[in-house]
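Visitor:
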Amino acid sequence: MAKPNLIVMLTHNDVTVKDAYDIFEECKDIESVQHWGFKNVGLPKDEMKRIVDAMKAAGKTTYLEVVTYDEESCLEAAKTCIECGFDTLMGTLYYESVHNYLKEHNMTYSPFVGKVSGSPSILEGTNEEIIQNAKDLMAKGIDAFDILAYRHVVDGEKLAREFCAAIDAKVAIAGSISSYERIDTMFDIGPWGFTMGSALFTKNFVPDGSFKENLQAVADYMEKK
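Counting in the UniProt record's numbering, the sequence shown runs without a single skipped number right up to 225 at its last residue.
1) Would you check if the distance between the CB atom of Phe201 and the CB atom of His12 is smaller than 7 Å?
2) Measure the Cβ-Cβ separation of Ile147 and Phe163 and say whether it is below 7 Å.
3) Return helix, strand or coil for Ile177, following the three-state DSSP convention.
4) Alpha carbon to alpha carbon, how far is Thr195 from Asn40?
5) Starting from the N-terminal side, write out each stretch of the alpha helix (DSSP H) that is 4 residues or longer and does not extend beyond the stretch 10-91.
6) In this structure, what does DSSP give as the bridge partners for Lys224?
7) Classify Ala139: buried if its beta carbon has 16 or more other beta carbons within 10 angstroms, exposed otherwise.
8) Does the Cβ-Cβ distance between Cys74 and Val113 come in under 7 Å?
9) Would you say Ser117 reaches chain C, if we count a Cβ-Cβ gap shorter than 7 Å as a contact?
10) Can you give the Cα-Cα distance for Glu213 and Thr61, rounded to whole angstroms?
11) Nearest-angstrom Cα distance between Lys3 and Leu64?
12) First and last residue of the beta strand (DSSP E) that includes Tyr94?
13) Excluding the five sequence neighbours on either side, which residues of its own chain have a C-beta within less than 8 Å of the C-beta of Asn204, listed in chain order?
14) Of all the options Thr126, Ser117, Ala77, which has the alpha carbon lying nearest to the alpha carbon of Leu102?
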(Lines of atoms letter the chains of each structure in order from A and count residues from 1; the text may use other names and numbers.)
(Lines give C-alpha, C1' and ligand atoms only; values in the text may rest on other atoms or scores of the structure.)
Protein backbone atom coordinates (compact mmCIF):
# COMPACT_ATOMS: atom_id res chain seq x y z
CA MET A 1 0.00 0.00 0.00
CA ALA A 2 1.32 3.41 -0.95
CA LYS A 3 0.46 6.14 1.51
CA PRO A 4 -1.70 8.80 -0.16
CA ASN A 5 -1.19 12.48 0.62
CA LEU A 6 -3.82 14.25 2.70
CA ILE A 7 -4.84 17.70 1.46
CA VAL A 8 -6.64 19.52 4.26
CA MET A 9 -9.30 21.85 2.89
CA LEU A 10 -10.44 24.67 5.15
CA THR A 11 -13.91 24.40 3.65
CA HIS A 12 -17.34 23.22 4.73
CA ASN A 13 -20.02 22.40 2.14
CA ASP A 14 -17.68 23.67 -0.60
CA VAL A 15 -17.26 27.13 0.93
CA THR A 16 -14.12 28.37 2.71
CA VAL A 17 -14.83 28.94 6.41
CA LYS A 18 -14.60 32.48 7.78
CA ASP A 19 -12.02 31.56 10.45
CA ALA A 20 -9.74 29.62 8.09
CA TYR A 21 -6.67 31.65 9.12
CA ASP A 22 -7.16 30.96 12.84
CA ILE A 23 -7.79 27.26 12.25
CA PHE A 24 -4.64 26.93 10.19
CA GLU A 25 -2.59 28.71 12.85
CA GLU A 26 -3.91 26.23 15.44
CA CYS A 27 -3.02 23.23 13.28
CA LYS A 28 0.15 24.21 11.44
CA ASP A 29 2.39 22.37 13.91
CA ILE A 30 0.99 18.96 12.85
CA GLU A 31 4.14 18.07 10.94
CA SER A 32 2.79 15.13 8.95
CA VAL A 33 0.12 17.34 7.36
CA GLN A 34 1.98 19.09 4.54
CA HIS A 35 -0.78 19.92 2.05
CA TRP A 36 -3.36 22.65 2.72
CA GLY A 37 -5.95 24.46 0.66
CA PHE A 38 -9.36 26.04 0.39
CA LYS A 39 -11.97 27.11 -2.16
CA ASN A 40 -12.30 30.23 -4.27
CA VAL A 41 -15.58 31.11 -2.57
CA GLY A 42 -16.16 32.37 0.96
CA LEU A 43 -13.36 34.88 1.58
CA PRO A 44 -12.15 38.13 0.01
CA LYS A 45 -8.93 38.00 -1.97
CA ASP A 46 -6.83 39.85 0.62
CA GLU A 47 -7.79 37.31 3.30
CA MET A 48 -7.03 34.44 0.92
CA LYS A 49 -3.56 35.85 0.34
CA ARG A 50 -3.03 36.27 4.08
CA ILE A 51 -3.79 32.59 4.64
CA VAL A 52 -1.60 31.44 1.76
CA ASP A 53 1.27 33.57 3.09
CA ALA A 54 0.88 31.92 6.50
CA MET A 55 0.83 28.46 4.95
CA LYS A 56 3.92 29.15 2.87
CA ALA A 57 5.71 30.62 5.91
CA ALA A 58 5.00 27.34 7.72
CA GLY A 59 6.52 25.36 4.84
CA LYS A 60 3.22 23.96 3.54
CA THR A 61 2.18 23.24 -0.06
CA THR A 62 -0.93 25.19 -1.02
CA TYR A 63 -3.96 24.49 -3.21
CA LEU A 64 -6.85 26.59 -4.48
CA GLU A 65 -9.78 24.38 -5.45
CA VAL A 66 -12.17 26.11 -7.83
CA VAL A 67 -15.84 25.16 -7.79
CA THR A 68 -17.10 27.56 -10.45
CA TYR A 69 -17.60 26.19 -13.93
CA ASP A 70 -17.97 28.78 -16.71
CA GLU A 71 -14.85 29.82 -18.59
CA GLU A 72 -14.81 33.42 -17.43
CA SER A 73 -15.10 32.46 -13.75
CA CYS A 74 -12.47 29.72 -14.08
CA LEU A 75 -10.02 32.11 -15.75
CA GLU A 76 -10.64 34.70 -13.05
CA ALA A 77 -9.98 32.03 -10.41
CA ALA A 78 -6.72 31.13 -12.16
CA LYS A 79 -5.66 34.76 -11.90
CA THR A 80 -6.58 34.76 -8.21
CA CYS A 81 -4.49 31.62 -7.76
CA ILE A 82 -1.45 33.41 -9.20
CA GLU A 83 -2.06 36.65 -7.31
CA CYS A 84 -2.42 34.90 -3.96
CA GLY A 85 0.67 32.76 -4.45
CA PHE A 86 -0.82 29.26 -4.39
CA ASP A 87 1.25 26.31 -5.59
CA THR A 88 -1.52 24.47 -7.47
CA LEU A 89 -4.90 25.21 -9.02
CA MET A 90 -7.31 22.31 -8.45
CA GLY A 91 -10.68 22.05 -10.09
CA THR A 92 -12.32 24.15 -12.80
CA LEU A 93 -13.76 22.47 -15.80
CA TYR A 94 -10.88 22.23 -18.27
CA TYR A 95 -10.46 25.24 -20.54
CA GLU A 96 -7.49 25.78 -22.83
CA SER A 97 -7.48 29.46 -21.85
CA VAL A 98 -7.01 28.51 -18.21
CA HIS A 99 -4.38 25.90 -19.05
CA ASN A 100 -2.42 28.34 -21.21
CA TYR A 101 -2.59 31.09 -18.60
CA LEU A 102 -1.31 28.78 -15.89
CA LYS A 103 1.49 27.48 -18.13
CA GLU A 104 2.60 31.07 -18.73
CA HIS A 105 2.93 31.49 -14.97
CA ASN A 106 4.46 28.05 -14.26
CA MET A 107 1.46 27.05 -12.15
CA THR A 108 0.51 23.40 -11.62
CA TYR A 109 -2.99 22.59 -12.90
CA SER A 110 -5.18 19.73 -11.71
CA PRO A 111 -8.61 20.12 -13.39
CA PHE A 112 -11.81 18.22 -12.77
CA VAL A 113 -12.78 15.35 -15.06
CA GLY A 114 -16.27 14.34 -16.10
CA LYS A 115 -19.37 16.51 -15.98
CA VAL A 116 -19.21 18.54 -12.77
CA SER A 117 -21.95 20.90 -11.65
CA GLY A 118 -23.64 22.35 -8.58
CA SER A 119 -22.44 23.38 -5.14
CA PRO A 120 -21.78 21.13 -3.32
CA SER A 121 -20.53 19.57 -6.54
CA ILE A 122 -21.84 16.43 -8.19
CA LEU A 123 -20.13 14.34 -10.87
CA GLU A 124 -21.92 12.79 -13.83
CA GLY A 125 -20.84 10.60 -16.73
CA THR A 126 -20.08 6.90 -17.07
CA ASN A 127 -16.79 5.58 -15.73
CA GLU A 128 -15.64 4.99 -19.29
CA GLU A 129 -16.49 8.56 -20.32
CA ILE A 130 -14.68 10.04 -17.33
CA ILE A 131 -11.57 7.93 -17.93
CA GLN A 132 -11.58 8.88 -21.62
CA ASN A 133 -11.95 12.54 -20.66
CA ALA A 134 -8.79 12.22 -18.57
CA LYS A 135 -6.89 10.53 -21.40
CA ASP A 136 -7.93 13.30 -23.78
CA LEU A 137 -6.68 15.93 -21.33
CA MET A 138 -3.39 14.07 -20.86
CA ALA A 139 -2.91 14.38 -24.62
CA LYS A 140 -3.15 18.15 -24.09
CA GLY A 141 -0.40 18.06 -21.46
CA ILE A 142 -2.40 17.66 -18.26
CA ASP A 143 -0.62 15.35 -15.80
CA ALA A 144 -2.75 15.77 -12.66
CA PHE A 145 -6.48 15.45 -11.96
CA ASP A 146 -9.02 16.40 -9.32
CA ILE A 147 -11.76 13.78 -9.41
CA LEU A 148 -14.95 14.07 -7.36
CA ALA A 149 -15.31 10.30 -7.21
CA TYR A 150 -17.56 10.06 -4.16
CA ARG A 151 -19.79 12.79 -5.57
CA HIS A 152 -20.51 10.51 -8.54
CA VAL A 153 -24.21 9.93 -9.12
CA VAL A 154 -23.77 6.15 -9.45
CA ASP A 155 -20.90 4.38 -7.63
CA GLY A 156 -18.06 6.55 -6.36
CA GLU A 157 -15.79 3.81 -5.05
CA LYS A 158 -16.01 1.78 -8.25
CA LEU A 159 -15.21 4.90 -10.25
CA ALA A 160 -12.24 5.76 -8.02
CA ARG A 161 -10.80 2.25 -8.37
CA GLU A 162 -11.22 2.11 -12.14
CA PHE A 163 -9.93 5.66 -12.66
CA CYS A 164 -6.77 5.16 -10.58
CA ALA A 165 -6.08 1.85 -12.32
CA ALA A 166 -6.48 3.36 -15.79
CA ILE A 167 -4.85 6.79 -15.43
CA ASP A 168 -1.09 7.17 -14.95
CA ALA A 169 -1.16 10.67 -13.50
CA LYS A 170 -1.19 12.55 -10.20
CA VAL A 171 -4.74 11.85 -9.04
CA ALA A 172 -6.40 13.58 -6.09
CA ILE A 173 -9.76 12.21 -5.01
CA ALA A 174 -11.81 15.11 -3.71
CA GLY A 175 -14.93 15.22 -1.59
CA SER A 176 -16.68 12.97 0.93
CA ILE A 177 -13.68 11.13 2.39
CA SER A 178 -15.46 11.18 5.73
CA SER A 179 -14.61 8.00 7.66
CA TYR A 180 -11.71 5.75 8.60
CA GLU A 181 -13.21 3.16 6.24
CA ARG A 182 -12.87 5.54 3.30
CA ILE A 183 -9.32 6.44 4.35
CA ASP A 184 -8.58 2.69 4.24
CA THR A 185 -10.07 2.62 0.75
CA MET A 186 -7.72 5.43 -0.31
CA PHE A 187 -4.73 3.38 0.82
CA ASP A 188 -6.14 0.39 -1.09
CA ILE A 189 -6.92 2.28 -4.31
CA GLY A 190 -3.66 4.21 -4.35
CA PRO A 191 -4.31 7.75 -5.61
CA TRP A 192 -1.58 10.36 -5.17
CA GLY A 193 -3.80 11.98 -2.57
CA PHE A 194 -7.24 12.97 -1.35
CA THR A 195 -8.86 16.06 0.10
CA MET A 196 -10.68 16.32 3.41
CA GLY A 197 -12.58 19.30 4.76
CA SER A 198 -16.20 19.02 5.89
CA ALA A 199 -15.60 15.75 7.78
CA LEU A 200 -13.18 17.59 10.08
CA PHE A 201 -15.67 20.38 10.74
CA THR A 202 -18.49 17.91 11.45
CA LYS A 203 -16.13 16.02 13.82
CA ASN A 204 -16.54 12.63 12.18
CA PHE A 205 -13.44 11.20 13.87
CA VAL A 206 -13.49 12.72 17.38
CA PRO A 207 -17.14 13.67 17.96
CA ASP A 208 -16.45 15.74 21.08
CA GLY A 209 -13.16 17.16 19.80
CA SER A 210 -11.99 20.29 18.04
CA PHE A 211 -11.06 20.61 14.38
CA LYS A 212 -7.42 20.14 15.38
CA GLU A 213 -8.18 17.03 17.42
CA ASN A 214 -10.07 15.53 14.49
CA LEU A 215 -7.22 16.36 12.10
CA GLN A 216 -4.65 14.96 14.52
CA ALA A 217 -6.66 11.73 14.76
CA VAL A 218 -6.68 11.39 10.97
CA ALA A 219 -2.97 12.20 10.73
CA ASP A 220 -2.10 9.67 13.45
CA TYR A 221 -4.26 7.00 11.80
CA MET A 222 -2.54 7.51 8.46
CA GLU A 223 0.92 7.46 10.01
CA LYS A 224 0.24 4.11 11.68
CA LYS A 225 -1.04 2.36 8.55
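Cβ atoms here follow ideal geometry from the backbone N, Cα and C, with glycine treated the same way.
Quick caveat: nothing in here was measured; it's all calculated off a predicted structure.
Guide: The answer reads as follows:
1) Numbered from its first residue, the sequence shown carries residue 201 at position 201. Numbered from its first residue, the sequence shown carries residue 12 at position 12. In contact: Phe201 and His12 (Cβ atoms closer than 7 Å).
2) Residue mapping note: residue 147 aligns to position 147 of the sequence shown, counting from 1. Residue mapping note: residue 163 aligns to position 163 of the sequence shown, counting from 1. With contacts defined as CB atoms closer than 7 Å, Ile147 and Phe163 qualify as a contacting pair.
3) Within the sequence shown, the letter at position 177 stands for residue 177. DSSP places Ile177 in coil when its eight states are reduced to three.
4) Reading the sequence shown from its first residue, position 195 is the one you call residue 195. Reading the sequence shown from its first residue, position 40 is the one you call residue 40. Approximately 15 Å, taken between the alpha carbons.
5) 20-27, 45-57, 71-84
6) By 1-based counting over the sequence shown, the position of residue 224 is 224. Paired residue(s): none; Lys224 is not in a bridge.
7) The residue you call residue 139 lines up with position 139 of the sequence shown. That one is exposed.
8) Translated into positions along the sequence shown, residue 74 becomes position 74. Translated into positions along the sequence shown, residue 113 becomes position 113. For Cys74 and Val113, no; Cβs fall outside 7 Å.
9) Going by chain labels, chain C is absent from the structure shown, which holds only one protein chain.
10) Residue mapping note: residue 213 aligns to position 213 of the sequence shown, counting from 1. Residue mapping note: residue 61 aligns to position 61 of the sequence shown, counting from 1. So the alpha carbons of these two residues sit roughly 21 Å apart.
11) Along the sequence shown, one-based indexing puts residue 3 at 3. Along the sequence shown, one-based indexing puts residue 64 at 64. Looking at the two C-alpha atoms, the distance is approximately 23 Å.
12) Here residue 94 corresponds to residue number 94 of the sequence shown, with the count starting at 1. First-last for Tyr94: undefined, no H or E at that position.
13) As a working mapping, residue 204 is identified with position 204 in the sequence shown. Excluding residues within five positions, the ones whose Cβ falls inside 8 Å are Ser178, Ser179, Asn214.
14) Here residue 102 refers to the residue found at position 102 of the sequence shown. Closest in C-alpha terms to Leu102, from the list Thr126, Ser117, Ala77, comes Ala77.
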